[in-house]
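Protein chains in written order, with my numbering: chain Y, 1 to 754; chain U, 755 to 873.
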């Protein structure tokens, strides 16, 4: 608590963004309120920017309270943006890298000459007073190396030990500490150890410290690359925005853009915040955000999203979402969160990590005791070497890093392709999907149906029928209903008043217009209402259905009046995307509320063999459950609104977005672009990531499982082989680097373009 | 030799007790505060065990002083919170009012561990 207060009090100048200040008189009110806070030296408000700068040693919360007490909202401008945090992180990492490199040179500076000396046959033993003197000097040098290049290991080991926990530092500190202590005992009091065992291991301590620092340095660099995707997303944010306030255009930082500000964007500039176009027309490139390669046309009342690039014209738009609320900020937040979540496959490593270090310490003791009891002379020296080597070679980091590093890169890679994966579990399950259920409307098709045929049965004319049906359908939310309403409005038809309107799920609608009882819907509805359908009419409807159109019957007072057919065009790339899924061995099933014939026609067009037709909205999840009962791991793809229960029930729910609506709660995976290729991409990324995690985990397990017994000297009785602690240090330093580098290979994963 | 062996076995017993059997009683209570500061340094969170009141939202200021990237990631798995802590700069995590129970928090690799005890 006290630390934080002190930190805050060191901030002498603070800046706040004021919300709700609409007039110049607010300035005085806010400034006065702030100046009354004890400790405030000055407060000055910039009305154009809606910011206030305060100097004085006062906590930010107190100042915000003061502003709020006079009726305004304030937030600290010091709240670092993602971009600032990223920049700071890069600077901090660079500094840490340099520090590690210096520490590496300190360690190797002593270790390498000593090792060369020993390799060239120089005696590393203490037998004469002169040797004692020289080794004492080197021992003290080594202590200096430990202090200057390895202090963090020892402090970290001590601190975590006191807290009843143990980590990498513990192992390194114990390993190098044991080697140094033994050596210094040999130097200070050689008589304590048998003559044969009067060997010093200062070179091992110095070398290990040097190598581990090198390993850490390279790991820091490699880790930086794992967050490339998020860096790219953050880089999409504009730094400034040109807003129009009081008839003046001013350039301000994007953090200061307020809701309902009017923002001007010129060609080539980034859209700074989300909004709705107020004037002007342009084309906008959203490809970095959604993976959608085609630029989109925008004019008045169209939505624009932060991070997209304005290509051709100048527009003025009204800000509707700013700061942390923009779609881009939400995407960044979601990707970051998913990158840090762990798929179930990583849990085993977590459990092992919790026991790892103490177990290694016990193995080191057992190994030393075995050597002492059963080893050849000088058994003390062997015991020390084996214990040191065991402690040094064991690497909990490789195990711990295996999963998170791959998830980090994999989720980021998916985001680049416009695929937002909610968490590690969704990532893992996606890789195992055996059946993919696709909703027809809006998923396989564009979801923008159009009226194609009106077959009039009675003596009314087409437009009259369209006007009545459209009146009836105006109250319905069904996509097919919208097609009819739109068609009527295109023809400027006048709608009539409807009484007793009722939507009959899965059948159609009914209502009363001008005293006539009207029914509009499928064959089932007509049968229920006793509307006579002639064979000819049924044949006509079937003919329309076979052409992948959806025929609907219109009856007035139980007499058939017309058949209206509506068709929803299939997305251009649905066929190739479905082919891709099938090529990956995934069973693709289509789900639709449409009649059998239309469903069959659409399924045939896109190459789907299995489909469920005439499925009522509430029965969609039943179909998912049926497939799951067959032992399938089911992915369900829909628009995320009508099929939320089915998406939630499926093993993985994919919501197919219309651009940047990322707030689809029921979905495990959100596809930002409308193309079904996003699905195939999502599955391909998840498979690649899981494969990568498995490689990492396998590598780390094998490394430790083979390295530790080897270090303990298990091969010595058979082949006379004992691992040098220096080699162990090198192996351990590079094992975690290998894991991070392997995860980085995922960066080269490419979403397939079709 | 016997002494050495006994010493070794004793050491193993100490390790088992110290790391696994010992239950931390180091819970630091802050019943009336709505803000706690946790320092992230040298492989530990300080304080690592925090007790807070039930149904009472709390802000935790994490200040990471450890340069290692290991220390940067902070996760509250039960609360679905994850954050990357900047170096030497307070980072506020706002926790919602919570029900009684223990909520662990840790770094990405669970080398740094701590817990919230809601009472």
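Don't be surprised by glycine CBs; every beta carbon is placed ideally from N, CA and C.
Anticipated Cβ contact below 8 Å, residue i with residue j, distance rounded
i	j	result
residue 545 (chain Y)	residue 551 (chain Y)	6 Å
residue 783 (chain Y)	residue 690 (chain Y)	In the structure as shown, chain Y starts at 1 and stops at 754, and residue 783 (chain Y) therefore has no counterpart that could be examined.
residue 203 (chain Y)	residue 109 (chain Y)	Going by Cβ atoms, the distance from residue 203 (chain Y) to residue 109 (chain Y) rounds to 12 Å, so no, they are not a contact pair.
residue 736 (chain Y)	residue 401 (chain Y)	6 Å
residue 581 (chain Y)	residue 615 (chain Y)	Not a contact, Cβ separation roughly 20 Å.
residue 450 (chain Y)	residue 483 (chain Y)	6 Å
residue 583 (chain Y)	residue 797 (chain U)	The pair is not a contact, with the Cβ atoms about 49 Å apart (cut-off 8 Å).
Under 8 Å from the C-beta of residue i: neighbouring residues of chain Y
i	result
residue 766 (chain U)	362, 365, 366
residue 805 (chain U)	By Cβ distance, chain Y contributes nothing, its closest Cβ being about 15 Å from residue 805 (chain U), past 8 Å.
residue 802 (chain U)	163
residue 840 (chain U)	80, 85, 88, 89, 92
Within chain Y, partners of residue i - CB distance below 7 Å
i	result
residue 871 (chain U)	In chain order: nothing, as chain Y lies at least about 16 Å away.
Assigned exposure category for residue i - 16 Cβ within 10 Å defines buried
i	result
residue 755 (chain Y)	It is not possible to answer for residue 755 (chain Y), since the shown part of chain Y is limited to 1 through 754.
residue 232 (chain Y)	exposed
residue 117 (chain Y)	exposed
residue 748 (chain Y)	exposed
residue 355 (chain Y)	exposed
residue 773 (chain U)	buried
residue 67 (chain Y)	buried
residue 279 (chain Y)	exposed
residue 435 (chain Y)	buried
residue 82 (chain Y)	buried
CA nearest to the CA of residue i, picked from the options
i	options	result
residue 495 (chain Y)	Y:479, Y:514, Y:477, Y:395	Y:514
residue 859 (chain U)	U:827, U:768, U:769	U:827
residue 197 (chain Y)	Y:379, Y:610, Y:717	Y:379
residue 814 (chain U)	U:863, U:824, U:822, U:801	U:801
residue 648 (chain Y)	Y:422, Y:157, Y:256, Y:268	Y:422
residue 180 (chain Y)	Y:385, Y:685, Y:449	Y:385
residue 284 (chain Y)	Y:272, Y:298, Y:273, Y:275	Y:298
residue 69 (chain Y)	Y:34, Y:480, Y:459	Y:34
residue 44 (chain Y)	Y:16, Y:38, Y:195, Y:260	Y:16
Alpha-carbon to alpha-carbon, residue j and residue i
i	j	result
residue 144 (chain Y)	residue 865 (chain U)	28 Å
residue 694 (chain Y)	residue 565 (chain Y)	52 Å
residue 795 (chain U)	residue 818 (chain U)	6 Å
residue 388 (chain Y)	residue 172 (chain Y)	9 Å
residue 529 (chain Y)	residue 512 (chain Y)	14 Å
residue 602 (chain Y)	residue 596 (chain Y)	10 Å
residue 572 (chain Y)	residue 229 (chain Y)	28 Å
residue 79 (chain Y)	residue 873 (chain U)	Note on residue 79 (chain Y): pLDDT 48, under 50, position unreliable in the model; the coordinate value appears next. Distance between the alpha carbons of residue 79 (chain Y) and residue 873 (chain U): 31 Å.
residue 291 (chain Y)	residue 309 (chain Y)	13 Å
residue 219 (chain Y)	residue 123 (chain Y)	35 Å
residue 445 (chain Y)	residue 793 (chain U)	54 Å
residue 821 (chain U)	residue 314 (chain Y)	45 Å
residue 350 (chain Y)	residue 319 (chain Y)	45 Å
residue 823 (chain U)	residue 223 (chain Y)	8 Å
residue 518 (chain Y)	residue 472 (chain Y)	8 Å
residue 300 (chain Y)	residue 277 (chain Y)	5 Å
residue 554 (chain Y)	residue 589 (chain Y)	31 Å
residue 324 (chain Y)	residue 408 (chain Y)	22 Å
residue 248 (chain Y)	residue 287 (chain Y)	32 Å
residue 569 (chain Y)	residue 617 (chain Y)	21 Å
residue 157 (chain Y)	residue 302 (chain Y)	58 Å
residue 669 (chain Y)	residue 637 (chain Y)	9 Å
residue 663 (chain Y)	residue 586 (chain Y)	Reliability of the predicted coordinates at residue 663 (chain Y) is poor, the pLDDT of 48 falling under 50, and the value obtained from them is presented with this limitation in mind. Taking the straight line from one Cα to the other gives about 28 Å.
residue 192 (chain Y)	residue 347 (chain Y)	47 Å
Chain B within 7 Å of residue i, Cβ atoms only
i	result
residue 163 (chain Y)	The chain inventory of the structure shown lacks chain B, comprising the protein chains Y and U.
Residue i: contacting residues in chain Y (beta-carbon distance under 9 Å)
i	result
residue 759 (chain U)	369, 372, 373
residue 794 (chain U)	Within 9 Å Cβ-Cβ: nothing; residue 794 (chain U) doesn't reach chain Y, min ~11 Å.
Cross-chain neighbours of residue i in chain U, by beta carbon under 9 Å
i	result
residue 358 (chain Y)	769, 770, 772, 773, 774
residue 404 (chain Y)	827, 862, 863
residue 167 (chain Y)	797, 824, 863, 865, 866
Amino acids of chain U, ordered along the chain, whose beta-carbon sits closer than 7 Å to that of residue i
i	result
residue 340 (chain Y)	827, 829, 836, 862
residue 220 (chain Y)	823
residue 337 (chain Y)	836
residue 350 (chain Y)	864
Contact test: residue i Cβ vs the ligand NAP heavy atom, cutoff 6 Å
i	result
residue 546 (chain Y)	Summarising the ligand content, the structure contains no ligands, and the ligand NAP is consequently not present.
Within chain U, partners of residue i - CB distance below 8 Å
i	result
residue 390 (chain Y)	Correct list: empty, because the minimum Cβ distance to chain U is about 14 Å.
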